[in-house]
Amino acid sequence: MPVLCSGCKEKRAALKRPKTGHSLCKECFFWAFEEEVHRTIVAAKLFKPGETVGIAASGGKDSTVLAHVMKLLNERYSYGLELMLLSVDEGITGYRDDSLETVKRNQQQYELPLKIVSYEELYGWTMDAIVKQVGLKNNCTFCGVFRRQALDRGAIMLKVDKICTGHNADDVAETVLMNVLRGDIARLRRCTAISTVSEGEGVVPRCKPLKYAYEKEIVLYAYFKKLDYFSTECVYSPNAYRGHARTFLKDLESVRPSSIMDVIHSGENLSVRDGVKMPVQGTCNRCGYISSQALCKSCVLLEGLNRGLPKLGIGKHHRLHDKLLSQQPLTEREERKLKSVDF
Amino acid sequence: MCQVEEDYRDGLERVEVPSVSKKCVKCKEASAAVVIRAGDTYCRGCFKEYFIHKFRAMLGKNRIIFPGEKVLLAVSGGPSSCSMLSQVREGLSLNAHKKLRFSPGIIYIDEGGVVGQTVEERRRTVAELQAMFKATGFPFHTVALEQVMDLPSSVVAMAPSPSEQPASNYKEAVGHFLQSTSSSRSTPQDEEQTSLPEVPEAHTHFLQQLIGSAKTLTARQDLLNTLRQHLLVHTARTEGYGKVMLGDNCTRLAVKLLTSITLGRGAQLAQDTGFSDARYGDITLVRPMRDYSAKEIAYYNHMFSVASVFTPSLDTKTTDKASIQRLTESFVTKLQEDFPSTVSTIYRTSEKLQTTCRSSAKAEPSDKCLLCVCALDTAVENASAFQATLTSEQLSQTKYPGAAGTEIPRQNPESSAPSGQCCSSGGAEDCGRAERGGGGCCSSAKEPETTDLKSLLCYSCQLTLKDMSSVEHLPQYILSEAQRRQRRSQMREEISEFLLEDGEGGD
Ligand SMILES: [Zn+2]
Ligand SMILES: [Zn+2]
Ligand SMILES: [Zn+2]
Ligand SMILES: [Zn+2]
Ligand SMILES: [Zn+2]
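Chains as they are written, first to last, in my numbering: chain A, 1 to 343; chain B, 344 to 850.
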């Protein structure tokens, strides 16, 4: 017996919403999904009319759906936003080439301007070249840190007021869990924020319009809308702890589907006891980017690459920052420690 | 996507080689009998001293328990609470300046009725525990969970604040101490009956119906926790105890913390896992075992013959995915095997947190959850997970406007009233109030019982309620308090235009 759509109560339902368990027809699902993103945008006051907004586009499902929905809502509700796609080319042969092709096709479909900033032009190093030097084990440190800054630098080049990213509810819940597991109070407090204000020179405010959208619904939306996306699961395995948190969240969701929202709700209602020390956010002495150390992570990594000491950015070597800043040479012993890399 | 904000362990620091010496790190004489953390090897004597000191230090640091105060020890029969009992005995027998100076009593809540134990099995467990309790010489109370059916509404209603309580006055507390010692030590206690008070079969049946009305094990466990706590607090109140000591150890609390997060109880985390929990006002729950790991306790109990009694729980013999609580526990246990610092890291998080909501001790009773008695965390705020969930529920039952030819309301992203909100008057706040009366939307059909209770519950207790097939099996004290609050809120609505300030009416 066909199930009727619980929205229009006329058409046959085509799917069961992972988030609420309701059976919906395609049209009612599209409408609910888009409307929810719209209400999030409105309720959180994410944008102001006239702003230029860069959509971080990786070619993956989250950013593809984000670009599609942003374009649609901007027209449907007259947000008055200037939208553009912002992509980072890490310089990974094969992997990035394909996803960038997807982004380029999206650009044509959505008629949005696209800016691609490459690691090579920003840092003088492609990820392939970095992998050659540091090995497969640690390269995620590099592309993660470099990627964050690359978006900011790209946004500044394009004179963008805000960046929106495709982080979804699963990503946020996963981050809450991970920060609990690591006891990272400062990040635990920050990670549920839907938007960040500019934290300093060279940092563009960011927001997550898909914060309350389930990953599974994003896939459903892309599937039924026949959106073209590239599976951008990072080719390198994620950090072990995050992997555990991810698996745990999936298991939670299978026991109680609302778990994803429940974890976010918990995160939104946590607060830190008075008197607990929070790291002071400063700026990098070299590039001005936010950093709690004298040198930001990206500058340390770069310094390591350029000096041929790849381990420099991987461990904690705050003691060496002063030396690096003043261009002093390292001792032989220090160099020896930082050179060897396990593959 | 690559992870930006990861911390990377320093692979360069040299791994410390554990010392091969088998001597105790403390006295450096006796040979080691137990390894607590890598490198920390203790001899039997030093381990005992360390263990006992930790208990006293925890109480000393927090200074919550007055000399002479009556303290109720909640003993479940498990290793942790039995160890707590032995620590209290140990502490009372210490020499003068180190001696614990409160007056303990014991409570055991027999949950056999909901975990499928036969009357005979329950009797055996109780007898075993009572023998243990008798040996302590402390007064003890054996309470069947069925008694929760007879609780008065005062359990979940306004509790007098601690400052108005005579027991928290130091001088009187000492006086009270003298009285209770003379009565409890010299005369035989009437509660020290050697068997469980008679439990009518109908009561057990009713309790089973109640637990059974929760369709998921997650909700069943949550409900049981709530009922158990109500019974603990009520017994403490009627027997004149001001504090209840719980046996939660560090491992247990780490699991509990993560469970609270996964159940949407983030707002209550500090109370659920901190040293003390004052949500009940005059009765404070304390957790003196929170610094011990389960492993330490197991060592101690084994070495010093502290007996414990196995009692089944709701999730005994279930799989990992049987409930959120069970899943979280097995997750933490497994992660602890791979990353030995997991438990202590999570546990330390609990010390840095507090609730964002108003301190629940100060909140009006109508602002507290009817079930868990924590401050309500369900104010419909803009852009919150709670609001987003309500929106999803509502939109999944609404026709998309294109189909009916309805015009889509144009909206500027700056305006704060979300379009198409359920109330025509618009505005999230109005909807929040309307929510109290009906379902997610004013126009949607009302199911008086379920939805009416819902507005009186916190986020997480609402999830539990959602998993229940009916609320009619809830004990009378909960239902009548719910009705009382609803009458109050109706009254408030009727006279709202004449009230000058919110919350002045009091309850
Ligand atoms: Zn439909
Ligand atoms: Zn990577
Ligand atoms: Zn820098
Ligand atoms: Zn020793
Ligand atoms: Zn509650």
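Ideal placement from N, C-alpha and C gives every residue a C-beta, glycine not left out.
query	result
Helix, strand or coil at valine 180 of chain A according to DSSP, with G and I counted as helix	helix
Cβ-heavy atom distance, serine 266 of chain A to ligand 6, below 8 Å	Within the structure as shown, ligand 6 is missing, the only ligands being ligand 1, ligand 2, ligand 3, ligand 4 and ligand 5.
Short CB-CB distance (under 9 Å) between alanine 726 of chain B and chain A	yes
Simplified DSSP state of aspartate 161 of chain A, which is helix, strand or coil	coil
Endpoints, the beta strand (DSSP E) within which glycine 448 of chain B is located	446-453
Glutamine 281 of chain A versus alanine 173 of chain A: straight-line alpha-carbon distance, rounded	24 Å
Beta-carbon spacing of phenylalanine 300 of chain B, tyrosine 451 of chain B below 9 Å	In this structure chain B extends from 344 to 850, so residue 300 of chain B is not present and cannot be described.
heavy atom of ligand 5 below 8 Å from valine 431 of chain B C-beta	no
Asparagine 438 of chain B burial status per 10 Å Cβ neighbour count (16 or more: buried)	exposed
Cβ-based neighbour list, proline 422 of chain B, same chain, cut-off 8 Å, excluding 5 preceding and 5 following	Ala637, Ile640, Ala641, Asn644, Val649 and Ser651
Under 7 Å from the C-beta of aspartate 720 of chain B: neighbouring residues of chain A	Asn269
Collapsed DSSP secondary structure at arginine 467 of chain B in the structure displayed	helix
Alpha-carbon to alpha-carbon, glycine 288 of chain A and leucine 678 of chain B	38 Å
First through last residue of the alpha helix (DSSP H) which encompasses glycine 590 of chain B	It is not in any alpha helix (DSSP H) - glycine 590 of chain B carries neither H nor E in the DSSP assignment.
At least 3 beta-carbon pairs within less than 8 Å: the region 550-560 of chain B vs the region 586-603 of chain B	no
N-terminal and C-terminal residue of the beta strand (DSSP E) that glutamate 620 of chain B is part of	The displayed chain sequence assigns aspartate, not glutamate, to residue 620 of chain B. Taken as a continuous stretch (DSSP letters only), the beta strand (DSSP E) holding aspartate 620 of chain B covers 619-623.
Chain-ordered chain A contacts of isoleucine 604 of chain B [CB-CB under 9 Å]	Val176, Leu177, Val180, Asp262, Val263, Ser266, Gly267 and Leu270
Inter-residue CB distance, glutamine 498 of chain B and valine 576 of chain B (contact presumed, cutoff 8 Å)	The residue asked about is misnamed: residue 498 of chain B is valine in this sequence, not glutamine. Contact flag correct, Cβ pair sits at about 6 Å.
Helix, strand or coil at aspartate 89 of chain A [DSSP, three-state]	strand
Contact test: lysine 19 of chain A Cβ vs ligand 1 heavy atom, cutoff 8 Å	no
Of the listed residues B:Gly456, B:Ile626 and B:Leu796, nearest to arginine 830 of chain B (C-alpha basis)	B:Leu796
Distance between proline 410 of chain B and alanine 169 of chain A (C-alpha atoms, nearest Å)	50 Å
CB contact below 9 Å: lysine 695 of chain B versus chain A	yes
Contact under 9 Å by Cβ, isoleucine 163 of chain A with lysine 211 of chain A	no
Span of the alpha helix (DSSP H) around threonine 578 of chain B	560-581
Environment of serine 839 of chain B [buried if 16+ CB atoms lie within 10 Å]	exposed
Anticipated Cβ contact below 8 Å, isoleucine 667 of chain B with arginine 256 of chain A, distance rounded	6 Å
Assigned secondary structure, methionine 632 of chain B (DSSP; H/G/I helix, E/B strand, else coil)	coil
Closer than 8 Å: tyrosine 349 of chain A CB and nearest ligand 1 heavy atom	Since the displayed chain A opens at 1 and closes at 343, residue 349 of chain A lies outside it and no answer follows.
Contacting positions in the region 243-257 of chain A - beta carbon closer than 8 Å to chain B	His244, Phe248, Asp251, Leu252, Ser254, Val255 and Arg256
Proximity test, glycine 434 of chain B beta-carbon vs ligand 3 heavy atom, cut-off 8 Å	no
Within-9 Å CB hit, alanine 125 of chain A to chain B	In the sequence on display, residue 125 of chain A carries tryptophan and not alanine. No, tryptophan 125 of chain A does not count as interfacial toward chain B.
DSSP bridge partner residues for glycine 282 of chain A (one or two, in chain order)	A:Ser291
Neighbour flag for histidine 321 of chain A against chain B, beta carbons, 9 Å	no
Neighbouring residues, chain B, relative to leucine 24 of chain A (Cβ below 7 Å)	Ser739
Meets three-Cβ-pair contact criterion under 8 Å: the region 19-29 of chain A and the region 184-195 of chain A	no
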